[in-house]
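*Asks:* Next up is a structure, given as structure tokens.
Protein chains in written order, with the numbering used here: chain Y, 83 to 440; chain U, 172 to 502.
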């Protein structure tokens with residue numbers, strides 16, 4: 083063969099690939115939204131002032147207190163929580179080979195909520211007379227631990243169920259677990275201290291505003307380790323897109339992969355559920371939006387888009403909720419449902435893969 | 172290149188009778204082997220065992236120097252590629268995505284493809300003539316297109332051994348011929364060992380270098396196709412009440428019912444098809460003229476044919492095969 087006459091096998095790559103453009107665009111949007119979120123609210127803090135505070139040039143000012151005590155933890159929780167839940171969606175969709183899987187639709191969120199509710203209720207009974215000790219129980223690590231235990235229980239159950247029932251049935255089961263957990267939570271709280279139950283009642287909705295500065299460590303560590311673990315799992319999970327048999331033929335240890343991936347999902351979902359409540363639709367739709375933007379279903383190029391996309395959607399929802407409205411009835415989950423439900427409906431009606439899965 | 176050697180191999184599922192017992196096999200790079208046998212006889216299990224995806228009950232399979240069962244999954248994936256029958260949904264993946272995933276055993280921990288990897292992907296697509304399909308979603312492809320893409324994926328793995336499990340099952344005849352010719356060509360050009368399990372006995376007889384015939388009872392017959400046919404193994408394995416393997420033609424034919432004898436005269440191919448039509452309608456076509464009461468003579472008539480029947484006394488001319496059949500039915 084004469085090498086020079088051979089046509090170029092691979093088209094020369096454009097200088098800016100689609101991946102770079104999408105990631106840069108999402109990153110820029112996120113940065114803008116971050117500044118806007120810190121700046122806007124009941125009190126307007128000019129962007130210049132925001133930058134000053136962030137750079138430590140304006141300590142002890144009222145603006146610094148608003149930003150560092152209230153807005154920054156909330157915004158950080160939104161970015162990290164959104165990224166975590168969306169990544170869990172990507173992970174679970176690949177693992178369960180189900181386009182509508184995510185932490186919420188598979189019931190992981192419900193399990194986490196119920197676990198956290200038990201911790202609150204148990205703390206309420208154990209420290210019935212000691213308000214301070216009870217509050218300490220309510221915040222932080224014990225809450226995450228409770229949520230994690232609940233999530234683990236559901237994960238084990240759903241993984242076993244996935245072998246017996248079809249994709250759609252599994253999702254219905256997951257949603258039923260959500261109702262069950264809401265019901266059980268009401269029952270449990272009915273028999274515990276009414277006043278404390280009220281703190282918890284807001285849990286039907288999700289909010290990032292409950293996250294305090296001190297919470298960031300128990301919140302941050304598991305989510306970050308979940309993200310790192312996901313990166314390590316991207317290659318074997320990609321092989322799983324071809325189905326178990328092909329994945330095995332490509333050298334993937336399915337049992338080990340499943341164990342680690344479920345572990346990662348728990349790390350990503352449980353702390354977000356513990357601190358922010360049930361985030362609906364987010365983990366489900368962001369991977370699909372990312373596929374549309376990125377033009378591929380391969381996991382490695384999708385991952386950064388999903389992380390940024392998840393953060394962006396969560397932060398945007400949070401931004402809208404916290405705009406200086408006259409009345410405060412706008413809930414985060416309401417916004418997520420308005421965006422998410424139509425996406426799911428479109429998927430159910432038009433996606434060929436979804437029909438094949440059912 | 173490394174040969175495949177199976178020594179005293181028994182395969183199956185523990186607690187059940189072995190599907191194949193104590194069989195020794197050898198196969199070489201560049202060979203195209205077809206595995207034949209009735210459903211449930213153990214073709215898939217044999218392929219899965221050779222691929223190292225299923226543990227043998229006894230004996231061992233070696234690929235070159237290494238025992239397949241004790242290779243690490245990663246090592247195995249660099250040598251053995253498989254293509255399966257099942258049509259599993261692969262949501263959102265394009266044909267190119269699927270072929271790219273074939274390079275995973277050779278990539279770093281993050282699975283990012285190098286320029287060389289991309290070239291192999293494009294080349295694999297081209298070899299199976301699937302370049303035009305590359306951007307399409309796999310779930311939207313037809314069965315034949317999809318199998319071509321799955322073969323490209325396996326080729327991207329650069330295997331020393333390529334195992335394909337009944338991949339021609341859902342294809343129409345021309346596609347089956349094309350697919351099997353392609354596989355034989357790949358075995359030759361890549362110097363890789365290609366093993367295909369199939370129900371296509373007639374095509375296998377014409378295209379395979381060797382046949383592995385599973386007649387049941389734990390046996391495996393390994394020989395060149397013609398020898399297997401000549402020894403009567405095909406007949407023993409596949410003949411049924413109404414179908415038999417016609418030794419002189421190498422095809423399966425309906426076992427004819429014993430009907431009234433008829434002789435057919437005339438030129439080919441008209442004589443052949445007239446005889447076929449008569450056999451189908453219950454006549455016994457007989458070459459010897461002394462035993463027959465009816466003779467059909469077919470000849471050219473302008474653009475078409477005409478048939479003259481005679482029973483010794485009367486002659487009758489028919490303008491079509493259908494007419495001939497109805498005339499004969501009345502006699």
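We treat Cβ as the ideally placed atom computed from N, Cα and C, and that holds for glycine.
If you pair each beta-carbon of the segment 164-175 of chain Y with each one of the segment 383-393 of chain Y, do three or more pairs fall below 8 angstroms?
*Replies:* Verdict: yes, contact present.
*Asks:* Buried or exposed, going by whether 16 or more other CB atoms sit within 10 Å of the CB of residue 350 (chain Y)?
*Replies:* Flag for residue 350 (chain Y) reads buried.
*Asks:* When DSSP builds the beta bridges, which residues end up paired with residue 489 (chain U)?
*Replies:* Residue 489 (chain U) is bridged to U:478.
*Asks:* Where residue 358 (chain U) and residue 256 (chain Y) are concerned, what is the direct C-alpha to C-alpha distance, given to the nearest angstrom?
*Replies:* Those two C-alpha atoms are separated by around 48 angstroms.
*Asks:* Which parts of the segment 287-331 of chain Y are runs of the alpha helix (DSSP H), unbroken and 4 residues or longer, counting only runs that do not cross its ends?
*Replies:* Counting only runs of 4 or more, we get 298-322 and 326-331.
*Asks:* Please report how far the alpha carbon of residue 127 (chain Y) lies from the alpha carbon of residue 121 (chain Y), in whole angstroms.
*Replies:* Each residue's Cα considered, the two are about 5 angstroms apart.
*Asks:* Rank U:433, U:438 and U:469 by C-alpha distance to the C-alpha of residue 452 (chain U) and give the top, closest one.
*Replies:* Cα-wise, what sits closest to residue 452 (chain U) is U:433.
*Asks:* What does the alpha-carbon distance come out to for the pair residue 90 (chain Y) and residue 297 (chain Y)?
*Replies:* At residue 90 (chain Y), the pLDDT of 48 sits below 50, so the modelled position is not reliable; the number obtained from the coordinates is stated separately. Whole-angstrom Cα-Cα distance: 55 angstroms.
*Asks:* Determine, using beta carbons only, whether residue 253 (chain U) comes closer than 9 angstroms to chain Y.
*Replies:* Yes, contact with chain Y.
*Asks:* By the criterion of Cβ-Cβ separation under 9 angstroms, what are the contact partners of residue 325 (chain Y) in chain U?
*Replies:* The answer, in chain order, is 255, 257, 259, 260 and 261.
*Asks:* For a contact meaning CB atoms closer than 8 angstroms, what does residue 334 (chain Y) contact in chain U?
*Replies:* Near residue 334 (chain Y) (Cβ distances below 8 angstroms), the residues of chain U are 244.
*Asks:* Since residue 316 (chain Y) meets chain U, which of its residues come closer than 8 angstroms, beta carbon to beta carbon?
*Replies:* Residues of chain U passing the Cβ test: 281 and 282.
*Asks:* On the premise that residue 356 (chain Y) lies in contact with residue 172 (chain Y), defined as a C-beta separation below 8 angstroms, what is that separation, rounded to the nearest angstrom?
*Replies:* Not quite, the Cβ-Cβ distance comes to about 21 angstroms (not below 8 angstroms), so this is no contact.
*Asks:* What is the DSSP secondary structure of residue 307 (chain U), counted as helix, strand or coil?
*Replies:* Coil, per DSSP.
*Asks:* Can the beta-carbon of residue 195 (chain U) be found less than 9 angstroms from the beta-carbon of residue 230 (chain U)?
*Replies:* Yes, Cβ-Cβ distance for residue 195 (chain U) and residue 230 (chain U) is below 9 angstroms.
*Asks:* Going by DSSP, what residue range makes up the beta strand (DSSP E) through residue 224 (chain Y)?
*Replies:* Premise fails: residue 224 (chain Y) lies in the alpha helix (DSSP H), 223-244, not in any beta strand (DSSP E).
*Asks:* Please go through the segment 259-321 of chain U and give each complete alpha helix (DSSP H) segment of 4 or more residues, from N-terminal end onward.
*Replies:* Counting whole runs of 4 or more residues, the segment 259-321 of chain U contains the alpha helix (DSSP H) stretches 266-272 and 286-298.
*Asks:* Check whether the segment 181-194 of chain U and the segment 407-427 of chain Y touch, using three or more Cβ-Cβ pairs below 8 angstroms as the test.
*Replies:* The segment 181-194 of chain U is not in contact with the segment 407-427 of chain Y.
*Asks:* Name the one or two DSSP bridge partners that residue 237 (chain U) has.
*Replies:* Answer by DSSP bridge pairing, in chain order: U:234.
*Asks:* Following the continuous alpha helix (DSSP H) through residue 467 (chain U), name the residue where it begins and the one where it ends.
*Replies:* From DSSP, residue 467 (chain U) is part of no alpha helix (DSSP H) but of the beta strand (DSSP E) over 465-472.
*Asks:* Report the rounded CA-to-CA distance for residue 292 (chain U) versus residue 361 (chain Y), giving the unit in angstroms.
*Replies:* C-alpha separation (whole angstroms): 40 angstroms.
*Asks:* Using CA coordinates, which residue listed in Y:240, Y:105 and Y:270 is at the minimum distance from residue 183 (chain Y)?
*Replies:* Comparing Cα-Cα distances from residue 183 (chain Y) to each of Y:240, Y:105 and Y:270, the minimum goes to Y:240.
*Asks:* Strictly below 9 angstroms CB to CB, what residues from chain Y border residue 518 (chain U)?
*Replies:* There is no way to answer for residue 518 (chain U), as the model of chain U reaches only from 172 to 502.
*Asks:* Note the first and the last residue of the continuous beta strand (DSSP E) segment covering residue 192 (chain U).
*Replies:* Start and end: 191-198.
*Asks:* For residue 373 (chain Y), return the contacting residues in chain U, with the cut-off set at a CB-CB distance below 7 angstroms.
*Replies:* Within chain U, the residues near residue 373 (chain Y) are 263.
*Asks:* Hey, residue 117 (chain Y) and residue 133 (chain Y): beta-carbon distance below 9 angstroms or not?
*Replies:* Yes. Within cutoff.
*Asks:* Output the boundary residues of the beta strand (DSSP E) element that contains residue 422 (chain U).
*Replies:* That run of the beta strand (DSSP E) goes 422-425.
*Asks:* When DSSP labels each residue in this structure, what does residue 184 (chain Y) get in the three-state scheme?
*Replies:* Three-state result, residue 184 (chain Y): coil.
*Asks:* Distance check for residue 317 (chain Y) and residue 176 (chain Y), CA to CA, integer angstroms please.
*Replies:* In a straight line, the C-alpha of residue 176 (chain Y) is about 11 angstroms away from that of residue 317 (chain Y).
*Asks:* Please state whether DSSP places residue 205 (chain U) in a helix, a strand or coil.
*Replies:* Strand at residue 205 (chain U).
*Asks:* Rounded to the nearest angstrom, what separates residue 195 (chain Y) and residue 263 (chain Y) at their Cα positions?
*Replies:* Each residue's Cα considered, the two are about 7 angstroms apart.
*Asks:* So, do the segment 240-255 of chain U and the segment 197-213 of chain U have three or more beta carbon pairs nearer to each other than 8 angstroms?
*Replies:* Too few Cβ pairs lie closer than 8 angstroms, so no.
*Asks:* Taking Cβ positions only, does residue 83 (chain Y) come closer than 9 angstroms to chain U?
*Replies:* Confidence in residue 83 (chain Y) is poor, its pLDDT being 40 and thus under 50, which makes the residue's placement too unreliable to answer from.
*Asks:* Is residue 123 (chain Y) near residue 148 (chain Y), with beta carbons less than 9 angstroms apart?
*Replies:* Result yes, Cβ atoms of residue 123 (chain Y) and residue 148 (chain Y) sit closer than 9 angstroms.
*Asks:* Can you tell me whether residue 138 (chain Y) is buried or exposed? The criterion is at least 16 other CB atoms within 10 Å of its CB, across all chains shown.
*Replies:* With fewer than 16 other Cβ atoms within 10 Å, it is exposed.
*Asks:* Output needed for residue 374 (chain U): all residues of its chain with C-beta closer than 7 angstroms, excluding positions within five of it in sequence on either side, in chain order.
*Replies:* So the qualifying residues of the chain are 347, 348 and 351.
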